[in-house]
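Take a look at the structure set out below.
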Amino acid sequence: MVGYKLHAILVAVYLFLFMFIVAVSVNNSFAGPKVNPGEWTYTMKMKIEGLGVPVPVVPVTFTDCQTRTDASPIETQEMKKAGCKILDEKIVGNLVTYTGRCTYGDSVTDNHYKLTFQSDSMDGTFDQVRKVSGKVQSTATGTITGKRIGPCKGK
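Here the numbering used here is used: position 8 in the sequence shown is 1368, and no number is missing along the way.
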């Protein structure tokens, strides 16, 4: 059971954050903090509690080619297919905050993100609460950092 819970948490956090990063790279219709297009690397660290067993904080690093020049939350078809949606978003200067929700059966995961962008870097925090049938099953908190590492590869 712990494996299923951990998997559900990781899927919700990583899917929501990854889809946000992908959306930043493909949609130019929203105004947000200005970022330099190119190859970016991101590192995320997450602490999970409430599973009944200790879960080590393991950094996850991934890269993505950013083709947009602004960073704002955008719902993608992939997010919608996974049962995720953006509930609230706010952009003030270089700060982007948003709340997302992923629903799968009677499991509801709420994600809150606070991300600060500069032209060649970003950092932020997130927290998550996962409920099943209205009862809190687990919580997670974490950080994410990102930086531009050069032009997109193969472009």
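No residue lacks a Cβ here, since even glycine has one placed at the ideal position from N, Cα and C. Please read all numbers here as calculations on a predicted model, not as lab measurements.
(message) Relative to the C-alpha of Thr1469, which candidate in Val1456, Lys1445, Asp1480, Thr1457 has its C-alpha closest?
(response) Lys1445
(message) One question on the structure: do Cys1462 and Asn1454 come within less than 9 Å of each other, judged by their Cβ atoms?
(response) no
(request) Within the same chain, show all residues whose beta-carbon is closer than 6 Å to that of Thr1485, passing over the 5 residues directly before and after it, in chain order. (result) Lys1474, Thr1503
(message) Checking the sheet assignment: what are the DSSP bridge partners for Asn1471?
(response) Gly1460, Gln1488
(message) Using a Cβ-Cβ cutoff of less than 8 Å, which residues in the same chain neighbour Thr1403 once the five nearest sequence positions on both sides are dropped?
(response) Pro1419, Val1420, Thr1421, Ile1504, Thr1505, Gly1506
(request) Please state whether DSSP places Lys1516 in a helix, a strand or coil. (result) The question about residue 1516 has no answer, for the chain in this structure spans 1361 to 1515.
(request) Using 10 angstroms around the beta-carbon of Asn1388, count the other beta-carbons present and answer buried if the total reaches 16, otherwise exposed. (result) The predicted position of Asn1388 is uncertain, since its pLDDT is 40 and thus under 50; no value can be drawn from it.
(request) Go ahead and pull the three-state DSSP assignment for Gln1478. (result) coil
(message) Just to confirm the assignment, what range does the beta strand (DSSP E) spanning Lys1495 have?
(response) 1495–1510
(request) In angstroms with no decimal places, state the Cα-to-Cα distance between Gly1416 and Gln1488. (result) Residue identity check: residue 1416 is Pro in the sequence provided, not Gly. Cα-Cα distance, rounded: 17 Å.
(message) Residues in the same chain with beta-carbon distance under 7 Å from Lys1405, minus the five sequence neighbours each way, listed in chain order, please.
(response) Val1417, Pro1419, Gly1502, Thr1503
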